[in-house]
Amino acid sequence: MEDMPITLSTPAAAALPEVIDALSVWQQDGLPFQLHPGDLGWAWQIGAPALAARVRAWRRDGQIAAVGFLDGAALLRLAIAPEAGNDEQLADAMLHDVSNPRQGVLPAGPASIEAGFGEALRGRLRNSGWTAGEAWTPLTRDLAGSVPECGLRIETVGPALATARRMVQNAAFSSRNFTEERWHAMAAGYAYRSARCLLAYDAAGTAVATATVWSAGPGRPGLLEPMGVHDGHRGHGYGTAITLAAASALREMGASAAHVYAEASNTAAVATYSSAGFVRGPDSPDFHRDG
2 MEDMPITLST PAAAALPEVI DALSVWQQDG LPFQLHPGDL GWAWQIGAPA
52 LAARVRAWRR DGQIAAVGFL DGAALLRLAI APEAGNDEQL ADAMLHDVSN
102 PRQGVLPAGP ASIEAGFGEA LRGRLRNSGW TAGEAWTPLT RDLAGSVPEC
152 GLRIETVGPA LATARRMVQN AAFSSRNFTE ERWHAMAAGY AYRSARCLLA
202 YDAAGTAVAT ATVWSAGPGR PGLLEPMGVH DGHRGHGYGT AITLAAASAL
252 REMGASAAHV YAEASNTAAV ATYSSAGFVR GPDSPDFHRD G
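Under my numbering, think of the first position of the sequence shown as 2, with each following residue one higher.
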């Protein structure tokens, strides 16, 4: 099987469900974090054609063996099929493609790769001069047991709450990028069929925090992405509360665990997740190339 050629392609928008399904199957307890279907689900807000243009798929004999997502101009986030983590032929092909700008995977110049899994590729990146870049902290909450009540009123976002979802999101991240149109585009996406958007309300009935959770299917780890607290309502434990609500929602959806990735430098976020029962794993740096 390993002697069959590896092909690289940019999928059409109509092929995104196949990519999402592959990423879902690859989520397994005990493996390092890697690109999750929820990552593409959140990015679906830009529209399926634009999202597809940022996805790369490596195939062998027509089957997807690895997926890359350009999260920005020069950050490639990867997932590799669990059975292909030590596949040397696949690793050689991927290294060639990420190193050659003409392949359209990464541009020339400085670039980063998130590759938490796949020792064959990780070894080749290190041996080719890629060095440790930004560090990320993986955090996991096992969902075998019950999740404590969060203490706030939680609403699942539908079209009627899209405005409130937008307001909290933008206030939490000091941005105006998230619009109601983007929420509707995301909610219409293939990945969102296994997702929920949540809003938390304080005692006065004000929306104060939000989170979106993404299932990869029963018995697989789900993803919490993103989570934010309105900048005018911080310091009251709402981050911990919405995180507990998110974990509870994933448990209801059959997830085996809740995963979240935080920048290691964002100590406040790491502390919030830890206070909600998430266990911190070893920091995992991106691979970085100066140019």
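Even glycine gets a Cβ: it sits at the ideal position worked out from N, Cα and C.
Short Cβ contact (7 Å threshold) for residue i with residue j
| i | j | result |
| --- | --- | --- |
| Leu-199 | Ile-155 | yes |
| Ala-75 | Ala-109 | no |
| Arg-166 | Trp-137 | no |
| Thr-211 | Val-169 | yes |
| Ala-258 | Leu-144 | yes |
| Leu-71 | Ala-116 | no |
| Ala-186 | Gly-42 | no |
| Gly-159 | Trp-45 | no |
| Gly-69 | Leu-77 | yes |
| Ala-121 | Glu-84 | no |
| Leu-126 | Ile-7 | no |
| Val-106 | Asp-98 | yes |
| Glu-181 | Ala-208 | no |
| Phe-1 | Trp-131 | The structure shown does not extend to residue 1, since the chain is modelled only from 2 to 292, so the question has no answer here. |
| Gly-233 | Ala-256 | no |
| Ala-192 | Ile-21 | yes |
| Leu-153 | Ala-205 | no |
Where residue i falls, given that 16 or more other Cβ within 10 Å makes a residue buried
| i | result |
| --- | --- |
| His-237 | exposed |
| Met-5 | exposed |
| Ser-216 | buried |
| Ala-51 | exposed |
| Gly-240 | buried |
| Gln-1 | The structure shown does not extend to residue 1, since the chain is modelled only from 2 to 292, so the question has no answer here. |
| Thr-213 | buried |
| Arg-61 | buried |
| Ala-188 | buried |
Whole-number beta carbon distance between residue j and residue i, since they are thought to touch under 8 Å
| i | j | result |
| --- | --- | --- |
| Val-230 | Ala-270 | Not really, about 10 Å apart at Cβ, beyond 8 Å. |
| Glu-19 | Ile-65 | 7 Å |
| Trp-59 | Ala-67 | 4 Å |
| Arg-57 | Leu-9 | 6 Å |
| Gln-29 | Arg-235 | Gln-29 to Arg-235, Cβ: 35 Å. No contact. |
| Leu-245 | Cys-151 | 4 Å |
Cα-Cα separation between residue i and residue j, rounded to whole angstroms
| i | j | result |
| --- | --- | --- |
| Leu-24 | Arg-123 | 19 Å |
| Ser-285 | Ala-277 | 21 Å |
| Tyr-274 | Asn-101 | 38 Å |
| Ile-243 | Arg-290 | 37 Å |
| Ala-247 | Ala-196 | 11 Å |
| Gly-305 | Ala-161 | The structure shown does not extend to residue 305, since the chain is modelled only from 2 through 292, so no value can be given for it. |
| Arg-281 | Arg-252 | 19 Å |
| His-260 | Arg-142 | 7 Å |
| Phe-179 | Ser-129 | 38 Å |
| Gly-218 | Ser-249 | 15 Å |
| Gly-73 | Glu-135 | 15 Å |
| Met-254 | Met-228 | 18 Å |
| Gly-146 | Tyr-262 | 22 Å |
| Gly-63 | Ser-175 | 43 Å |
| Pro-38 | Trp-27 | 10 Å |
Backbone secondary structure at residue i - three-state DSSP
| i | result |
| --- | --- |
| Val-280 | strand |
| Ala-82 | coil |
| His-185 | helix |
| Ala-272 | helix |
| Leu-24 | helix |
| Pro-227 | strand |
| Leu-9 | strand |
| His-237 | coil |
Proximity test, Cβ basis, 7 Å: residue i and chain D
| i | result |
| --- | --- |
| Arg-235 | Among the chains of the structure shown, chain D does not appear; only one protein chain is present. |
Closer than 6 Å: residue i CB and nearest the ligand ZN heavy atom
| i | result |
| --- | --- |
| Phe-179 | For the ligand ZN, the structure offers nothing, since it holds no ligand at all. |
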